[in-house]
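S.K.: Sequence positions in the sequence shown follow our numbering and run 495 to 818. We put the CB at the ideal spot given by N, CA and C, even for glycine. Got a structure for you, questions after.
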Amino acid sequence: MKIISFAIIFVMIFFPLFQITSMRLNDLERAIQLTNRYDVVMKTAVQDAANVMNDTVDQDYEPGYGSKKFFRANKERAVETFYRTLALNFGVNGDAVAVGNLAGYIPAILVVDYDGYYVYSTESFVDTKGQTQLRPVWSPKKPYSYSDAQGNIVQFSLDDFVKSYNKGTDRWVQGKRHEVASQTQITLLKDPQTFESVRRQSIISGIQNDLAYVINRHNQYATRYGVDYIFTLPQISQEEWDNGIDDIGIVAFVQGIPVGDQEYNNYAFGGGRLQKKKTLYATTDPRTGIKYYDRDASKLPGRVEERFENEKDAARYGYFPLTK
């Protein structure tokens, strides 16, 4: 009897714990699956947005630039495409209210243009009835700017084209770095290595500061969207930033979407390159469950699930090259 009694007591005590643990593991598995799905949706939306950034009314280079990287980013179409892809994948396409609610989880979208950047974020305004409303708006273009101790100003681009203000002569000069260097006394322009280092760091620092501000400001508006979450600029590696400013592109942030008892947070870079490598297409073989990628989508054993710009990114997400 004692053994039976102990067995009954053991079952009464530990069976509920086993059930709770099992339920917790099931919830965790579902959360992981949902997070992976959101990763795919996010990456696809950003890359779709990047792919249309080069679609402009006037594709000509502006006089005086003469750069292979100069190309005005079609930021409006990029954001429209980003939201359309998200809406399609979340099953809310055509539902303006649902798409508006989705915007509450997107504190900022950044567009990297040739000679400056834009931030698309929520701002408040007072309507004609005196009511405070929220709407996403574009910031003015913000130049990639640097100033030295002598009061000289250098406005960078995504390559070595610059616009500079020489304090000593009180005039602006623009052109390639080496051309402007010979016409001014700005020390930064004299050494190409120092110039490149300062150029990159100035661009990245300016972008980071503005993103941190608008993402933090989004906390003021989040409750209006019904979102209970503290938005902050995530840690992004120097390598990702360096790659992100190599050419025009887009960066989007999604934060606070409920996933089980946690929140989904992610960001994604998309490059709108003029001369970019052919896209890598990826899928999962329905027979074996193995993930493959190839530059020819027609060769894949299933429908395209993801797109990548390079083999490194594809491998990071568990995909293998499709063997011939």
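1) May I have the straight-line CA-CA distance separating E803 from L705, to the nearest angstrom?
2) Would A762 be called buried (16 or more neighbouring beta carbons within 10 Å of its own) or exposed?
3) Would you check if the distance between the CB atom of S615 and the CB atom of A602 is smaller than 8 Å?
4) Using C-beta distances below 8 Å, list every residue in its chain close to A809, excluding the 5 sequence neighbours before and after it, in chain order.
5) For V586, report the span of its beta strand (DSSP E) as first-last.
6) Which ranges does the beta strand (DSSP E) cover as unbroken runs of at least 3 residues, wholly within the region 585-658, from first to last along the chain?
7) Tell me which residues share the same chain as V721 and place their Cβ nearer than 7 Å to its Cβ, disregarding the 5 neighbours each side in the sequence.
8) Would you list the residues sitting across from N776 in a DSSP beta bridge?
9) For the alpha helix (DSSP H) that Y808 lies in, which residues bound it at each end?
10) Excluding five sequence neighbours on each side, which residues of the same chain lie with their C-beta closer than 8 Å to the C-beta of K636?
11) Tell me which residues share the same chain as I647 and place their Cβ nearer than 6 Å to its Cβ, disregarding the 5 neighbours each side in the sequence.
12) In the DSSP assignment, what are the bridge partners of N760?
13) Straight-line CA distance for G783 to L816?
14) Following the continuous alpha helix (DSSP H) through R671, name the residue where it begins and the one where it ends.
15) Alpha carbon to alpha carbon, how far is D621 from E734? Give it in angstroms, no decimals.
16) Could you tell me the boundaries of the alpha helix (DSSP H) in which S691 lies?
17) Does the beta-carbon of G812 have 16 or more other beta-carbons within 10 angstroms, so that it is buried, or is it exposed?
18) Taking Q627 as the reference, which of A716, K657, V605 and V656 has the closest Cα?
M.R.: With the structure as the only source:
1) 25 Å
2) buried
3) yes
4) none
5) Here V586 belongs to no beta strand (DSSP E), and DSSP marks it neither H nor E.
6) 602-606, 610-620, 626-632, 636-641 and 647-650
7) G598, Y599 and G750
8) In the sequence under discussion, the amino acid at residue 776 is Ala, which differs from the Asn named in the question. For A776, which the question treats as bridged, DSSP gives the partners Y787 and E800.
9) Checking the sequence shown, residue 808 turns out to be Ala, not Tyr. Per DSSP, A808 belongs to the alpha helix (DSSP H) from E805 to R810.
10) G610, Y611, Y612, V613, G700 and D704
11) S641 and Y659
12) V748
13) 13 Å
14) R671 to A675
15) 40 Å
16) P686 to A716
17) exposed
18) A716
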